[in-house]
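For what it's worth, the numbering used here labels the leading residue of the sequence shown as 31, then goes sequentially.
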Amino acid sequence: MTEQRAVLDATVSFLNGGGLAVEDFRLDLPPAIAQAKGKAQQQEVGRLLVTHLGLAMVGEIRITKLEIVREQHKGSRGILAAAAAAGLEIPDAAAHADTVRPRPEGALVELSHPIRAGLRTYPGLPEPVIRPFLTREDSRPKYAEGTEFAMDIIEMVGNTGTYLDSPYHRYAGGGDLASLTLEQLVDLPAEVFHLQDSTERGIGANVFLERELRGTAVLLHTGWDRHFATEAYTKDAPYLAEDGVRYLVEQGVVLVGIDSINIDDTEPGSGGARPAHSLLLEAGIQVVEHLTGLEQLPASGAAFTATPPLVEDFATFPVRAFARLP
């Protein structure tokens, strides 16, 4: 098989400022990308460039010159994963994509907001009401001397505090909370993207190109949790852009979490579209919103857990989200 490489000039901008320029840079190409044409080819070559260089916090990739030449491959990083994504049957690539990372054991990190009476999670949603069903005083006559109990009632919408969205939240025929397995929720290999210094609200696909994400929980650390339960939390919040959503679905992630008010853009000018909820939940990828404390996690190596109760015909519910550090 004739091997081909890309020779390109390109610039890469970063979400936290600065940029990178390359000139006459050479990259190995899998056949599917070498044979592509136009904008599609430029996009795939740009993604391969980011993967090969191991770049993080990538904003825009602009290719200003691109030539495909016949040259022997030199072992560019990311070519096997790119070939697998293009549907080529390369055994080493498939094995790499399906690798299960060892689950680490170590300290536990809390990633949930506590729930209290009157907590404001999202504008327009009812706040939790907590009241006693059986007070300690009322229980005393029912039991032996010195024995007392408290039983309480909590009334709240499922979207309270840190919560998980099941597919049933978006789709009438989707799986409800009771349909979720522990394998979908417990000890997931966590890939954390620390984006708290990003200058853009939308989190696009280029952010994720540096890593292998199949089978992982992708956690978006925007730092927006510092505004939780305040008016500032509702305005100009970070979100997952549609191209980022589609990329994560293509990569086969298991769960996506964010420490912002919504994984979608909810500003008035957004038009009410909810591509993140629609595409992720359609693919059976669970969504966890209103996380906190993600700054405590390393980029890779932690294990993430977020488990709601087994409630039938119910779409969303608060979770105790936490991570085990490596």
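Where is the CB? At the ideal position from N, CA and C, for every residue including glycine.
Notebook entry, point to check: Cα separation between Asp122 and Phe44?
Noted result: At Asp122 the pLDDT is 38, less than 50, meaning the model places this residue with poor confidence and gives no usable figure here.
Check: Any idea if Tyr173 is buried or exposed, counting beta-carbon neighbours within 10 angstroms, 16 or more meaning buried?
Finding: exposed
Check: Using the rule of at least 16 other Cβ atoms within 10 Å of the residue's Cβ for burial, across every protein chain shown, is Ala36 buried or exposed?
Finding: buried
Next item on the list: Output yes or no for whether 8 Å exceeds the beta carbon distance between Ile291 and Tyr152.
Entry: yes
Check: Are the beta-carbon atoms of Ala259 and Arg150 separated by less than 8 Å?
Finding: yes
Note to self: Quick check on the burial criterion: 16 or more other C-beta atoms within 10 angstroms. Buried or exposed for Gly301?
What the structure shows: exposed
Notebook entry, point to check: Taking the alpha carbon of Ile288 as the point to measure from, which residue in Ser142, Asn236, Leu50 has its own alpha carbon closest?
Noted result: Ser142
Check: Secondary structure at Phe179, three-state DSSP: helix, strand or coil?
Finding: coil
Note to self: Within a Cβ cutoff of 6 Å, which residues of the same chain sit near Leu50, ignoring the five residues on either side of it in sequence?
What the structure shows: Val42
Next item on the list: Spatial neighbours of His257 within its chain, please: CB distance less than 6 Å, with the 5 preceding and 5 following residues excluded, ordered by chain position.
Entry: Tyr263
Check: Counting pairs of Cβ atoms below 8 Å between the region 303 to 313 and the region 332 to 349, do you hit three or more?
Finding: no
Check: Where does Ala303 sit, in a helix, a strand or coil, going by DSSP?
Finding: coil
Check: If you run the structure through DSSP and keep just helix, strand and coil, what is Phe344?
Finding: coil
Notebook entry, point to check: Excluding the five sequence neighbours on either side, which residues of its own chain have a C-beta within less than 8 Å of the C-beta of Val237, listed in chain order?
Noted result: Leu45, Ala86, Met87, Val88, Phe223, Leu225, Gly274
Notebook entry, point to check: Mind checking whether Gln102 and Glu33 have CB atoms under 8 Å apart?
Noted result: yes
Item checked: Alpha-carbon to alpha-carbon, Gly148 and Ile184 -> 11 Å
Notebook entry, point to check: Which residues in the same chain have their Cβ closer than 6 Å to the Cβ of Pro268, if we skip the five residues on either side of it in sequence?
Noted result: Arg231, Thr252, Trp254, Ser290
Margin query: Considering only the alpha carbon of each residue, which of Lys69, Asp39, Glu175 lies closest to Leu57?
Written below: Asp39
Note to self: Report the start-end ranges of each beta strand (DSSP E) in the region 262 to 345 that is 3 residues or longer and not cut off at the edges.
What the structure shows: 285 to 288, 316 to 319, 330 to 337
Check: What residue from Leu78, Gly203, Gly282 has the CA that sits closest to Thr246's CA?
Finding: Gly282
Check: From Leu164 to Ala208, what distance separates their C-alpha atoms?
Finding: 29 Å
Next item on the list: Please confirm whether Leu239 and Val284 have their CB atoms less than 8 Å apart.
Entry: no
Next item on the list: Give me the Cα-Cα distance between Val52 and Leu79, rounded to the nearest whole angstrom.
Entry: 10 Å
Note to self: Quick check: Pro356 and Gly331, are their CB atoms within less than 8 Å of each other?
What the structure shows: yes
Next item on the list: Give me the Cβ distance between Leu215 and Thr335, rounded to the nearest whole Å; I'm assuming they're in contact under 8 Å.
Entry: 7 Å
Item checked: Distance CB(Pro158)-CB(Asp182) smaller than 8 Å -> no
Next item on the list: Quick one: residues in its chain with C-beta nearer than 7 Å to the C-beta of Leu5, no 5 flanking neighbours on either side, listed in chain order?
Entry: Outside the displayed span of the chain (31 to 356) sits residue 5, for which this structure offers no information.
Margin query: Taking the alpha carbon of Thr337 as the reference point, which residue from Gly204, Ser196, Gly314, Tyr201 has its own alpha carbon closest?
Written below: Ser196
Next item on the list: Check each candidate in Ile91, Ala70, Leu59 and name the one with the smallest Cα separation from Gly234.
Entry: Ile91
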